[in-house]
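Residue numbers (the UniProt record's numbering), protein chains in the order written: chain A, 1 to 341; chain B, 1 to 341. Every residue, glycine too, gets a C-beta built ideally from N, C-alpha and C. These numbers come from a predicted model, not from an experiment.
2 protein chains.
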Amino acid sequence: MEASQQGAEGETATQGSKPVVCFLGPVTSYTHQAAMQTFSPDRYELLPVVTIKDVFETTQSGRAAYGVVPFENSTNGSVVFTLDHFADREGRYGDLSVCGEAYLDVHHCLLGRLPNAAAADGAGPESSSPPAGPKGQPLASLAHVQRIYSHPQAWGQCTRFMGAHLRGIETIDVSSTSRAAELAATDASGTSAAISSALAGEANGLGFLARDIEDRDDNTTRFFVLRKLGADADAAGDDAGDAWWRRPAGRKTKSLASFTVPHTAPGALAGVLECFRQGGLNLTSINSRPSLIEPFQYVFFVEFEGHRLEDPDGRVRDVLEGVGRVAQSWRWLGSWVNMRV
Amino acid sequence: MEASQQGAEGETATQGSKPVVCFLGPVTSYTHQAAMQTFSPDRYELLPVVTIKDVFETTQSGRAAYGVVPFENSTNGSVVFTLDHFADREGRYGDLSVCGEAYLDVHHCLLGRLPNAAAADGAGPESSSPPAGPKGQPLASLAHVQRIYSHPQAWGQCTRFMGAHLRGIETIDVSSTSRAAELAATDASGTSAAISSALAGEANGLGFLARDIEDRDDNTTRFFVLRKLGADADAAGDDAGDAWWRRPAGRKTKSLASFTVPHTAPGALAGVLECFRQGGLNLTSINSRPSLIEPFQYVFFVEFEGHRLEDPDGRVRDVLEGVGRVAQSWRWLGSWVNMRV
Numbered sequence: 001m002e003a004s005q006q007g008a009e010g011e012t013a014t015q016g017s018k019p020v021v022c023f024l025g026p027v028t029s030y031t032h033q034a035a036m037q038t039f040s041p042d043r044y045e046l047l048p049v050v051t052i053k054d055v056f057e058t059t060q061s062g063r064a065a066y067g068v069v070p071f072e073n074s075t076n077g078s079v080v081f082t083l084d085h086f087a088d089r090e091g092r093y094g095d096l097s098v099c100g101e102a103y104l105d106v107h108h109c110l111l112g113r114l115p116n117a118a119a120a121d122g123a124g125p126e127s128s129s130p131p132a133g134p135k136g137q138p139l140a141s142l143a144h145v146q147r148i149y150s151h152p153q154a155w156g157q158c159t160r161f162m163g164a165h166l167r168g169i170e171t172i173d174v175s176s177t178s179r180a181a182e183l184a185a186t187d188a189s190g191t192s193a194a195i196s197s198a199l200a201g202e203a204n205g206l207g208f209l210a211r212d213i214e215d216r217d218d219n220t221t222r223f224f225v226l227r228k229l230g231a232d233a234d235a236a237g238d239d240a241g242d243a244w245w246r247r248p249a250g251r252k253t254k255s256l257a258s259f260t261v262p263h264t265a266p267g268a269l270a271g272v273l274e275c276f277r278q279g280g281l282n283l284t285s286i287n288s289r290p291s292l293i294e295p296f297q298y299v300f301f302v303e304f305e306g307h308r309l310e311d312p313d314g315r316v317r318d319v320l321e322g323v324g325r326v327a328q329s330w331r332w333l334g335s336w337v338n339m340r341v
Numbered sequence: 001m002e003a004s005q006q007g008a009e010g011e012t013a014t015q016g017s018k019p020v021v022c023f024l025g026p027v028t029s030y031t032h033q034a035a036m037q038t039f040s041p042d043r044y045e046l047l048p049v050v051t052i053k054d055v056f057e058t059t060q061s062g063r064a065a066y067g068v069v070p071f072e073n074s075t076n077g078s079v080v081f082t083l084d085h086f087a088d089r090e091g092r093y094g095d096l097s098v099c100g101e102a103y104l105d106v107h108h109c110l111l112g113r114l115p116n117a118a119a120a121d122g123a124g125p126e127s128s129s130p131p132a133g134p135k136g137q138p139l140a141s142l143a144h145v146q147r148i149y150s151h152p153q154a155w156g157q158c159t160r161f162m163g164a165h166l167r168g169i170e171t172i173d174v175s176s177t178s179r180a181a182e183l184a185a186t187d188a189s190g191t192s193a194a195i196s197s198a199l200a201g202e203a204n205g206l207g208f209l210a211r212d213i214e215d216r217d218d219n220t221t222r223f224f225v226l227r228k229l230g231a232d233a234d235a236a237g238d239d240a241g242d243a244w245w246r247r248p249a250g251r252k253t254k255s256l257a258s259f260t261v262p263h264t265a266p267g268a269l270a271g272v273l274e275c276f277r278q279g280g281l282n283l284t285s286i287n288s289r290p291s292l293i294e295p296f297q298y299v300f301f302v303e304f305e306g307h308r309l310e311d312p313d314g315r316v317r318d319v320l321e322g323v324g325r326v327a328q329s330w331r332w333l334g335s336w337v338n339m340r341v
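Right, here's the structure in full:
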């Protein structure tokens with residue numbers, strides 16, 4: 001396939017000669033970091049998009065070969081916006097499936113103007129990298145901080161630090177922790193801070209007022225890599241034939257499926273789950289979201305061990321056939337290599 | 001028991017001679033409306049508290065005989081803060097259980113200063129009740145509206161109206177739709193509006209710029225009523241012996257239980273659910289939240305048909321005994337009469 005420039009009309013899944021990987025932006029977001037961990041910028045063109053919906057749409061349309069979205073955080077739980085797009089109630093993403101996962105340890109920093117810099121002219125980057133110093137403790141006076149920007153999920157992950165050092169300070173919800181860092185950086189008064197990643201602090205020239213302020217040191221977010229089902233990655237310019245998601249053999253694998261049950265037969269929920277038990281496929285997570293067909297009817301999501309495309313003894317096939325007999329509707333949403341050791 | 005005044009030291013579950021029912025406030029919140037639907041203000045003292053945590057704490061401590069919390073919305077799904085308190089990871093609410101449920105149809109209004117009133121002196125209530133007029137359409141010009149306050153969940157329930165009539169207008173997240181109405185009412189410029197309930201509009205003297213602006217006309221929120229397990233409601237001054245949650249016999253009932261599974265035996269999840277299928281107890285919903293013990297281990301919540309305290313054939317007892325053999329830990333969280341017809 002000819003390499004092409006991305007544009008309104010002639011968009012393809014390649015940009016230059018590299019396959020495009022879109023991710024929930026902006027640049028320096030945690031999803032960006034997860035995407036970089038999976039897709040080397042040497043071989044892939046990484047493209048930030050604004051919303052989780054944009055990741056699904058850009059990948060479904062073929063404008064990107066892959067898409068990266070957050071799926072769950074070990075402290076805050078499932079990302080319901082991602083689940084709602086997998087529910088695909090309007091049938092917009094029928095070709096997408098999960099082909100990989102990535103885990104990222106989440107470390108939050110308090111970023112802003114350092115007190116000594118606030119007294120100086122304030123120009124230029126504060127610091128090029130997180131300083132050494134105690135984790136979870138202020139590295140400087142916080143007396144000048146009058147407001148803090150962050151994503152709503154971050155407050156719930158930093159309750160101890162906030163309670164100990166920033167009680168009563170105004171907090172402002174914004175769409176991402178990266179955006180929070182941008183906003184803190186553009187406050188000329190130097191009295192705004194952000195809870196964001198070290199990378200976002202460096203990118204925005206912010207000073208490190210504290211690092212690792214999260215309550216739990218095992219705070220981890222899991223991301224999914226999406227691709228178009230049946231799309232020939234090579235045709236999309238992806239010559240990364242050694243990509244890990246093409247070589248599940250001999251590794252632990254997982255799959256995701258969604259299903260609904262007839263609301264006149266609520267016992268069907270246990271019946272569907274029993275298919276997995278009988279087939280010996282362990283369930284590793286279960287989620288539900290409103291079906292939006294009838295109030296208090298649900299779309300269920302199950303993750304289970306096994307790979308639909310590498311299934312020599314047919315176990316996954318047999319279980320999914322059983323699900324098809326009990327569920328009202330169901331859909332396989334992908335299989336991938338387990339990246340959690 | 002002597003009636004007593006509520007106070008810092010001598011607090012009890014009665015105020016005057018009425019049992020206290022606390023609810024997620026402020027006054028005029030949707031939870032307040034659900035509480036009034038269940039507990040007549042003639043016979044109960046309704047007490048607004050600030051957070052879902054406050055409802056759990058106030059009921060556990062005995063300062064209220066009952067507590068009312070939102071559990072799920074038919075459009076937005078589960079209320080994770082409520083699930084997290086039921087998970088009770090620190091063992092603070094060991095005596096609480098669900099004794100009832102309530103459903104409330106959620107109708108959102110756009111509330112603010114009416115355009116003609118904005119030209120007048122602006123004093124006094126705009127309107128004492130929602131006007132007749134087309135549902136989901138502006139009842140007046142919205143040209144003067146510069147910002148809108150609401151709870152984050154409300155935006156997701158009013159996307160069509162917002163897209164058609166308020167595109168590009170600043171939206172500000174606040175802690176409740178009732179608080180949104182209060183903020184709109186205190187803006188002397190008259191350029192702020194709120195998405196909130198008709199009741200909150202009336203209570204704050206706001207004009208009705210539009211009514212029933214929700215995307216779905218079946219938008220319903222379900223609430224749970226909590227009480228202290230084993231508490232003698234009569235001793236708490238509750239002489240409402242005919243309360244519906246005392247008379248489950250002959251009515252459809254539901255129960256809630258939580259459980260965890262050994263993380264070395266993920267097959268145990270299906271094993272626990274199989275107990276319900278074998279016992280013939282239909283599962284009506286399932287949820288999970290992070291256990292916060294190990295990343296990506298979960299507390300599961302199942303709702304099922306049946307009542308632990310009205311269980312003549314012992315089915316609920318037998319199933320829960322089976323759960324106890326398979327789960328790592330489990331807890332019965334209450335049984336109540338199904339109020340959904």
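Of the candidates B:A188, B:P138 and B:D88, B:P138 places its Cα closest to the Cα of L209 of chain B. A Cβ-Cβ separation of about 7 Å places V337 of chain A in contact with G100 of chain A under the 8 Å criterion. Around V80 of chain A, the beta-carbon contacts reaching into chain B at under 7 Å are G77.
Beta-bridge pairing by DSSP links Y103 of chain A to A:R222.
Secondary structure within the UniProt domain "ACT" (257 to 335) of chain B: the alpha helix (DSSP H) runs of 4 or more consecutive residues, fully enclosed, are 268 to 278 and 315 to 326 (chain order). Contact annotation for L292 of chain A against chain B: S74, T75 and R216 [CB-CB distance below 9 Å, chain order]. Neighbours of T220 of chain A across chain B, judged by C-beta separation under 8 Å: P295 and F296. Residue pairing of D173 of chain B in beta bridges, as defined by DSSP: B:S150. The beta carbon of C275 of chain B sits closer than 7 Å to the beta carbons of V319, G322, V323 and V326 from its chain, once the five residues preceding and following it are set aside; these are given in chain order. For the C-beta of D173 of chain A, the chain B residues within less than 9 Å are, from N- to C-terminus, P152 and D173. Bridge pairing for Y66 of chain A: A:V21 and A:R227 [DSSP].
For G201 of chain A, there is no enclosing beta strand (DSSP E); the enclosing alpha helix (DSSP H) has its first and last residue at A198 to A203. For F39 of chain B, there is no enclosing alpha helix (DSSP H), as DSSP gives it neither H nor E.
Per DSSP, reduced to three states, the secondary structure at L47 of chain B is strand. In terms of beta-carbon proximity, F300 of chain B lines the interface with chain A, with at least one pair separated by less than 9 Å. Looking at B:S176, B:P48 and B:R147, the one whose alpha-carbon comes closest to that of M162 of chain B is B:R147. Under a 10 Å Cβ-count criterion, G250 of chain A is classified as exposed, with fewer than 16 other Cβ atoms of the shown protein chains found around its own Cβ. In this structure, the straight-line span from the alpha carbon of R89 of chain A to that of L199 of chain A is close to 36 Å. Taken atom to atom, the span from the alpha-carbon of T58 of chain A to that of P290 of chain A is near 25 Å. The continuous alpha helix (DSSP H) containing G163 of chain A extends over residues T159 to H165. For L209 of chain A, no alpha helix (DSSP H) encloses it; the enclosing beta strand (DSSP E) starts and ends at G207 to A210. The alpha-carbon of T260 of chain A is positioned some 9 Å away from that of R331 of chain A. Burial state of T264 of chain B is exposed, judged by a 10 Å Cβ sphere holding fewer than 16 other Cβ atoms.
Taken atom to atom, the span from the alpha-carbon of F224 of chain A to that of L292 of chain A is near 24 Å.
Residue-level contact by beta carbon holds for S288 of chain A and chain B, with a gap shorter than 9 Å. A residue is called buried once 16 or more other Cβ atoms fall within 10 Å of its Cβ, and T253 of chain A is buried on that count. Under the DSSP assignment, L83 of chain A falls outside any beta strand (DSSP E), being part of the alpha helix (DSSP H) whose first and last residues are V80 to A87. For the 9 Å CB-CB criterion, G306 of chain A and V316 of chain A form a contact. Exclusion of the five residues before and after R92 of chain B leaves Q60 as the residues of its chain whose Cβ lies within less than 7 Å of its Cβ.
One thing to note: S288 of chain B has its Cβ no nearer than 9 Å to the Cβ of G334 of chain A. For H32 of chain A, same chain residues with a beta-carbon under 6 Å away, outside a window of 5 residues either side, are F23 in chain order.
Counting only residues of its own chain and dropping the five nearest sequence neighbours on each side, D84 of chain B has a CB closer than 7 Å to the CB of R289. The Cβ atoms of E45 of chain B and G25 of chain B lie no closer than 9 Å to each other. For K135 of chain B, the secondary structure class from DSSP, reduced to helix, strand or coil, is coil. In chain order, E303 place their CB closer than 6 Å to the CB of T284 of chain B, counting only its own chain and leaving out the 5 sequence neighbours on each side. Annotated as proximal: G201 of chain A and A181 of chain A, with beta-carbon spacing under 9 Å.
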